DNA sequence: CACTGTGACTTTGGATACAGGATACGTTCG
DNA sequence: CGAACGTATCCTGTATCCAAAGTCACAGTG
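Residue numbers (our numbering), protein chains in the order written: chain F, 848 to 1095; chain P, 848 to 1095.
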């Protein structure tokens, strides 16, 4: 046995760090959709994407199948794909699902959080408080996401983790596109949530998470009852497979 | 405007009916994994899959990216993919998530079900009852899934729909592989659930759904507290989407 | 002036080609 | 006899190629 250092967990080896084009294309493509560079309804031809990213069509096609499965684009058989249109109706559905999932995350975090975890959460809160003082709202938004991810990590439910990431991307999408209003974040809600987790009270944590999501939903979706039709494109085919999912 | 009949919703047009190879391969591949034809840990080379399905590597690759995103296979960078190993730990997590989601589905169904919906649900129950009498358990299992799908459809939450389909496939997977025991289905629980929905009582529906999932979980996961390690494969990479998109 | 047939151009869907990293195996040397 | 090294083979990652289908413009016709 050689005495070379074994790779520490968490530190990916060089081989693991290798990123195939399809994955880089996937990230870039998804970002562009979420940020509105590729607008809803816009047709995405494989060749143009390939040109945009400076690769051949193959990696593009693989990435397209994934964003299709994730629901960001719709397939028109034999006619390629178009960017999907996020609509407020499905956003209400999305918030309903998030509420269920985030309350579960909060409960599990409250049940399992150790002292170190609590410190980490409080640090994030502090950072966000400072960010608010300095009016750095990008930072605050980033810390917001980080806090939620951390809570999910603490809970340790891997399904919850991947599902939440996926759902959150869609939330981000509608925010960026201005389909719904971005609510100014109430950090007092976050404080309550973290304190409930710190005190190890699952019920209180769940309650705090529910209120937080409700507040976000109420702010983002002011019109609480619009039966608007589902804004489908005729002939569009459903995602290749339903949403993605699962941890490694 | 021509007076040709517009395509009825639900009746796909000829064009929509066209199924590219990648999709057929995806279905076949996923089925084979779920049914254990391709066993956990087994290496899947693209060429062999292509040969198995009688197509070239391209459709295979596109299908592989999707099952990878769905968590059925793991990528070993530059070394291809292996079939993932479902483990009881992640199954507990899965049931926790399902409980949250199915209770939501039941609640929404109770709130929105119309008379026709109720009739449909009762028909399914009847069919299952008859199936049980005749000992046709495949039929019963099928009707079981159908009932759950129908409840979700009635609720009308599209996110819930796609997520549930995805989660259910994984449940099916562990059942088929015998990782957990398949519990004999208690149809009395289903009857209670349907009756609660029929009576338009969201609370009762949610309660019934919770009990149903709990019973299923208890039957499938008898050992309620095993901190078994996460059975990871060294160097295996997460599903295609590693990072949450950070806007530039 | 609306409608339809025609042909060029575009784009998808799928197969094939090829370079380079992984893997297996045999050989040599300690 | 066993470990290090070299070599042949396999497989992935990516690009290129080809055929079939789709789209579009435009001219001819009733």
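Just so you know, even glycine gets a beta-carbon here, dropped at the ideal spot from N, CA and C. Just so you know, these numbers come straight off a predicted model, no measurement behind them.
Thinking residue i and residue j are a contact (beta carbons under 8 angstroms), I'd like their distance in whole angstroms, please.
i	j	result
residue 1019 of chain P	residue 929 of chain P	Rounded, the Cβ-Cβ distance is 20 angstroms, inconsistent with contact.
residue 997 of chain P	residue 968 of chain P	6 angstroms
residue 1014 of chain F	residue 883 of chain F	Not really, about 19 angstroms apart at Cβ, beyond 8 angstroms.
residue 953 of chain P	residue 1055 of chain P	7 angstroms
residue 931 of chain P	residue 942 of chain P	Their Cβ separation, rounded to whole angstroms, is 18 angstroms, which puts residue 931 of chain P and residue 942 of chain P out of contact at 8 angstroms.
residue 1021 of chain P	residue 887 of chain P	That pair is no contact at about 10 angstroms.
residue 1103 of chain P	residue 872 of chain P	Here chain P comprises residues numbered 848 to 1095, so residue 1103 of chain P is not present and cannot be evaluated.
residue 971 of chain P	residue 1007 of chain P	Actually they do not touch by this definition, with Cβ atoms about 18 angstroms apart.
residue 868 of chain F	residue 914 of chain F	The Cβ separation is near 15 angstroms, so there is no contact.
Compare the C-beta of residue i with all C-beta atoms of chain F and state if any pair is closer than 8 angstroms.
i	result
residue 882 of chain P	no
residue 1020 of chain P	no
residue 916 of chain P	yes
residue 865 of chain P	yes
residue 1000 of chain P	no
residue 1028 of chain P	no
residue 1004 of chain P	yes
residue 947 of chain P	yes
residue 930 of chain P	no
residue 940 of chain P	yes
residue 909 of chain P	yes
residue 906 of chain P	no
residue 951 of chain P	yes
residue 924 of chain P	yes
residue 996 of chain P	no
Should residue i be flagged as near chain P, meaning a C-beta pair shorter than 8 angstroms?
i	result
residue 895 of chain F	no
residue 943 of chain F	yes
residue 937 of chain F	yes
residue 933 of chain F	no
residue 902 of chain F	no
residue 1024 of chain F	no
residue 912 of chain F	yes
residue 978 of chain F	no
residue 967 of chain F	no
May I ask which residues mark the beginning and end of the alpha helix (DSSP H) holding residue i?
i	result
residue 1058 of chain F	1049-1067
residue 1110 of chain F	There is simply no residue 1110 of chain F to check, as chain F begins at 848 and stops at 1095 in what is shown.
residue 1019 of chain P	1005-1024
residue 1002 of chain F	984-1002
residue 866 of chain P	First-last for residue 866 of chain P: undefined, no H or E at that position.
residue 917 of chain F	Neither: residue 917 of chain F is in no alpha helix (DSSP H) and is coded neither H nor E.
residue 1097 of chain P	This structure cannot speak to residue 1097 of chain P, because chain P is shown only from 848 to 1095.
For residue i, which residues from the same chain have a beta carbon less than 6 angstroms from its beta carbon, with the 5 sequence-adjacent residues on both sides left out?
i	result
residue 878 of chain P	none
residue 950 of chain F	1053, 1056, 1057
residue 1051 of chain P	1043
Taking all protein chains shown into account, decide if residue i is buried (16 or more other Cβ within 10 angstroms of its Cβ) or exposed.
i	result
residue 866 of chain F	exposed
residue 982 of chain F	exposed
residue 975 of chain P	buried
residue 1061 of chain P	exposed
residue 1044 of chain F	buried
residue 861 of chain F	exposed
residue 1009 of chain F	buried
residue 912 of chain F	buried
residue 963 of chain P	exposed
residue 992 of chain P	exposed
Whose C-beta lies closer than 8 angstroms to the C-beta of residue i among residues of the same chain, with five residues either side of it excluded?
i	result
residue 1003 of chain P	955, 959
residue 889 of chain F	929, 930
residue 1028 of chain P	1066, 1067, 1069
residue 1047 of chain P	957, 958, 960
residue 1038 of chain P	972
Taking the continuous beta strand (DSSP E) assigned at residue i, which residues delimit it?
i	result
residue 901 of chain F	Run containing residue 901 of chain F: none; DSSP gives neither H nor E here.
residue 922 of chain P	920-923
residue 966 of chain F	Unbroken run through residue 966 of chain F is the alpha helix (DSSP H), 962-980; no beta strand (DSSP E).
residue 927 of chain P	927-930
Going by the C-beta, is residue i closer than 7 angstroms to any heavy atom of the ligand MN?
i	result
residue 1018 of chain P	The ligand MN is absent from the structure shown, which contains no ligands of any kind.
Give me, in chain order, the residues of the same chain whose beta-carbon lies closer than 7 angstroms to that of residue i; leave out the 5 immediate sequence neighbours on both sides.
i	result
residue 875 of chain P	900
residue 904 of chain F	893, 894, 897
residue 863 of chain F	none
residue 870 of chain P	none
residue 986 of chain P	978
residue 885 of chain P	879, 891, 930
residue 944 of chain F	1014
residue 939 of chain P	1068
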